[in-house]
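Report on one structure; see the data block that follows.
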Amino acid sequence: MVRARHSDTLEQIPAPPLNQETLLFDPAQPVAGALRTVLAFPSTYSVGITSLGYQVVWATLAQRADVDVRRLFTDQADPPHRQGDRRSDRQLGSGGSGLDLFGLSLSWELDGPVLLDLLEQQRIPIWAEQRREGDPIVFGGGPVLTANPEPLAPFFDVLLLGDGELLLPAFIDAISAHRDAPRQQRLRALAQVPGVYVPALYAPRYGSEGELLAIEPIEAGIPASVAKQTWRGNTLSHSTVITPEAAWPSIHMVEVVRSCPELCRFCLASYLTLPFRTSSLEDGLIPAVEKGLAATQRLGLLGASVTQHPQFADLLSWLDQDRFDGTRVSVSSVRAATVTPQLGQILAKRGSKSLTIAIESGSERMREVVNKKLSTEEIFAAARYAREGGLSGLKLYGMAGLPTETEADVEATAELMLALKKATPGLRLSLGVSTFVPKAHTPFQWQGVRPEAEKRLKLLSKRLQPKGIELRPESYGWSVIQALLSRSDRRLAPVVAAARGDHASLGGWKKAYRAVVEGATGGTPAGVSPLPVPPPWQEVVHGEWSSDRVLPWEHLDGPLPKATLVGHRQQALGG
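In this note's numbering, the protein residues as written are 81 to 655.
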């Protein structure tokens, strides 16, 4: 594979190994005048094609005859649209991209700057304000943009908030219905579609001290807030393409559940995607599994808490049939309290080596603070059942720097791991530890990153690694950048632009932030309305905010109202 340089055009990027892709859907033949669309992913093909969300969006568009969609990754792309196929010269635009739509799926905050490189590669102005009549509508979606799109909002024309099952078709229908209208009229029509957020039609208002006072519509007729859309059908998603070139080679992914009923106070995957939904066994899961296993023998069962599906035991029994011999089955992280001997036995029989559980902390007190309904006895039982079932490893996930955490709580995590090792000899243990990062629409969105987390990660390493327990800590420094992106408003956009080319290093982000604050970069380019300088780094990343503070995502409605989140925060912290 050849990585695309910053100045490469789509025509210069080699096509992906399509002959190795097995499609589980029938693409439509685009009709004359179909919307010329590029769907991008801000990473390599092997990573992007493993994203279930990206796969499903691509397949949804590719099954429409009124959309001609091509994929774009950082290292390769589908063959480009042929020049001269457009309906009129008017649509070619000053940018010369020849596109109607450019979409991006974003699942990780730190991928934001890659969007700008991909836009320039297509000769699309990176700032939405600079785009003219012939430029494509740039839209985005995914969990990061649904939670808090504001740091990247000035780069997007449209943001799709929430589940795509109904939202994406409604968006395309609205685009098609107004495609001949002037650009600003098209954007105003899109803003009327539930779940569609048009940032240019909303303006932030700041106080004299730089505090955010509100984000409001700029004119009458624009909704005061935009609500995240929720799919409530009895079927969920599954892979639409299988390829050996994926990061998880030749895997068929099936979404068993969506959201999680546990409501750990820090958890974006739970709070942002409420309510907890399950796919029907007979109408959803079994047909989806059968479809994929006709093309591969590797199955992945996905969800934040797959074992809490009410019929998960029935699904396991069904997969225990002799006809699935040779099929490798893996599951994503499971709730420790739901691990059974049957789960360990069937997973071992179906080729799994290990099981993954999230404990968050070895301290019972900390698990109560974060609402992790899990006892120490249940953790030990999960390890025992995994070993007795024939699995050779247990992967545990925890956090450092949680609100109210003390060094004694971190010591309790180390003690728990050492006790597990003693209680289950022969079971390979590993602990993945991340630093707590506040996320929008969760009760801990008001809490900052705690600097002492860095020291506590080192403490765990010192206690566990000499004892033969693998520790896999995530970088504290990158957690700081994550928090910067997850808690900021539009004033961070010039920093994202300034970090390009140097965003792979912590120093690059800090240098870009200083340059924007000090005015060294000029903030925004000519033709773009200048944004005020961002607030102090310390206040964004580490500050503990009051619950009456106006948040950058205040105008975007999540599943739960702010008052409910405040109540959950008070329950957690004893307020």
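Glycine included, C-beta positions come from ideal geometry on N, C-alpha and C.
Buried or exposed, going by whether 16 or more other CB atoms sit within 10 Å of the CB of residue i?
i      : result
Ala578 : buried
Trp633 : buried
Thr644 : exposed
Gln527 : buried
Val111 : exposed
Arg312 : exposed
Ser174 : With a pLDDT of 40 at Ser174, under the threshold of 50, the predicted position of this residue should be treated as unreliable, though the coordinate-derived value follows. Ser174 should be labelled exposed.
Ser123 : buried
Ile331 : buried
Asn314 : exposed
Gln388 : buried
Leu293 : exposed
Ala503 : exposed
Leu90  : Low confidence applies to Leu90: its pLDDT is 42, below 50, so where it sits in the model is not reliable enough to give any reading.
Ala227 : buried
Gly275 : buried
Asp402 : exposed
Gly587 : exposed
Arg116 : buried
On the premise that residue j lies in contact with residue i, defined as a C-beta separation below 8 Å, what is that separation, rounded to the nearest angstrom?
i      : j      : result
Val306 : His635 : 7 Å
Gly638 : Leu352 : 6 Å
Thr604 : Pro641 : No, Thr604 and Pro641 are not in contact; Cβ-Cβ is about 34 Å, not under 8 Å.
Ser187 : Val224 : 6 Å
Ser559 : Val517 : 5 Å
Ile204 : Pro216 : 6 Å
Gln562 : Leu190 : 7 Å
Ser185 : Gly222 : 5 Å
Among the candidates the options, whose CA atom is the shortest distance from the CA of residue i?
i      : options                           : result
Leu267 : Pro303, Gly222, Ile322 and Ala417 : Pro303
Thr493 : Ala462, Ala563, Gly469 and Arg445 : Arg445
Val613 : Ser288, Gly220, Ala417 and Gln425 : Ser288
Leu572 : Arg580, Leu586 and Val596         : Val596
Lys590 : Gly478, Leu565 and Val608         : Leu565
Ala139 : Asp215, Val321, Asp155 and Gln391 : Val321
Arg415 : Gln377, Ser339 and Ala374         : Ser339
Ile426 : Val409, Leu198, Ile437 and Thr418 : Val409
Ser432 : Pro205, Leu474 and Ile217         : Leu474
Leu247 : His583, Ile204, Val273 and Ser510 : Val273
Leu423 : Ala280, Tyr465 and Glu458         : Tyr465
Leu500 : Glu213, Lys547 and Ala120         : Lys547
Pro234 : Gln650, Leu611, Ser555 and His648 : Leu611
Could you check where the beta strand (DSSP E) with residue i kicks off and where it finishes?
i      : result
Thr315 : No beta strand (DSSP E) contains Thr315, which DSSP labels as neither H nor E.
Ser47  : It is not possible to answer for residue 47, since the shown part of the chain is limited to 81 through 655.
Arg649 : It is not in any beta strand (DSSP E) - Arg649 instead sits in the alpha helix (DSSP H) that spans Lys642 to Leu653.
Phe460 : No beta strand (DSSP E) contains Phe460, which is instead part of the alpha helix (DSSP H) from Thr456 to Glu468.
Ser434 : Ser434 to Glu440
Leu239 : Val238 to Leu240
Phe219 : Ile217 to Gly221
Glu289 : Looking at the DSSP string, Glu289 is not in any beta strand (DSSP E), and its letter there is neither H nor E.
Glu485 : No beta strand (DSSP E) holds Glu485; DSSP gives it neither H nor E.
Ile331 : Ile331 to Glu335
For the alpha helix (DSSP H) containing residue i, list its first residue and its last residue.
i      : result
Lys475 : That residue, Lys475, is in no alpha helix (DSSP H); its beta strand (DSSP E) goes Gly473 to Ala480.
Pro284 : Unbroken run through Pro284 is the beta strand (DSSP E), Tyr282 to Tyr286; no alpha helix (DSSP H).
Glu619 : Trp617 to Val621
Ala250 : Gly244 to Ala257
Hey, how far is the Cα of residue i from the Cα of residue j?
i      : j      : result
Val137 : Trp617 : 35 Å
Ser413 : Asp400 : 20 Å
Glu335 : Ile549 : 31 Å
Leu141 : Arg447 : 42 Å
Arg151 : Leu104 : 17 Å
Ala652 : Gly481 : 15 Å
Leu172 : Leu179 : Legend: pLDDT at Leu172 = 37, less than 50; position of this residue unreliable, value from coordinates given subsequently. So the alpha carbons of these two residues sit roughly 7 Å apart.
Leu657 : Lys519 : An answer regarding residue 657 cannot be provided, because it is not within the stretch 81 to 655 covered by the chain.
Glu534 : Lys371 : 46 Å
Ala592 : Leu471 : 47 Å
Glu200 : Ala368 : 38 Å
Pro284 : Asp489 : 41 Å
Pro229 : Tyr282 : 13 Å
Val630 : Ala254 : 32 Å
Gln309 : Leu354 : 10 Å
Ala38  : Phe236 : Past the edges of the chain, shown from 81 to 655, lies residue 38, and the structure says nothing about it.
Leu379 : Thr407 : 7 Å
Leu551 : Asn451 : 24 Å
His161 : Val149 : 9 Å
Arg170 : His258 : Any reading at Arg170 must be qualified, since the residue scores a pLDDT of 40, below 50, and its modelled position is unreliable; the value itself is stated next. One C-alpha to the other measures close to 15 Å.
Thr420 : Ala462 : 7 Å
Asp106 : Ser317 : 16 Å
Gly364 : Arg357 : 12 Å
Arg167 : Gly214 : Residue placement at Arg167 is poorly supported in this model, since its pLDDT is 48, which falls under 50; the coordinates still yield a value, given next. Rounded to the nearest angstrom, the two C-alpha atoms are 12 Å apart.
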